[in-house]
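Take 0 as the starting number for the sequence shown in numbering that gives the first Met the number 0 and just add one per residue. No residue lacks a Cβ here, since even glycine has one placed at the ideal position from N, Cα and C.
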Amino acid sequence: MWEKTNDKYEGTTYAGMQILIHKFAAGLMKYGIKKGDRIALISEGRNYWVVSELGILFAGAINVPISTKIDD
């Protein structure tokens, strides 16, 4: 996955994304998130949004996405 930070694009491999996703899911489970729990996710469309959504799903929870443009 590629994302522009500052003035250049930086890549993250699938293996790197998997590590981030598993760490995020583990953090959610450490805080008591269980299968079937609903989690609201508000974020811009960035790589961390993908990590967050997949981490939520990996933890067995349900993502409830909210756009940052909700007030438009």
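Ranked by Cα distance from residue 59, the first of 23, 68, 45 is 23. The distance from the Cβ of residue 61 to that of residue 27 is about 12 Å, inconsistent with a contact at the 8 Å cut-off. Cα atoms of residue 67 and residue 29: separation of roughly 27 Å, rounded to the nearest angstrom. Residue 20 sits away from residue 63, with the two beta carbons spaced by 8 Å or more.
Shown here, residue 32 sits in coil according to DSSP, grouped into three states, outside any helix or strand.
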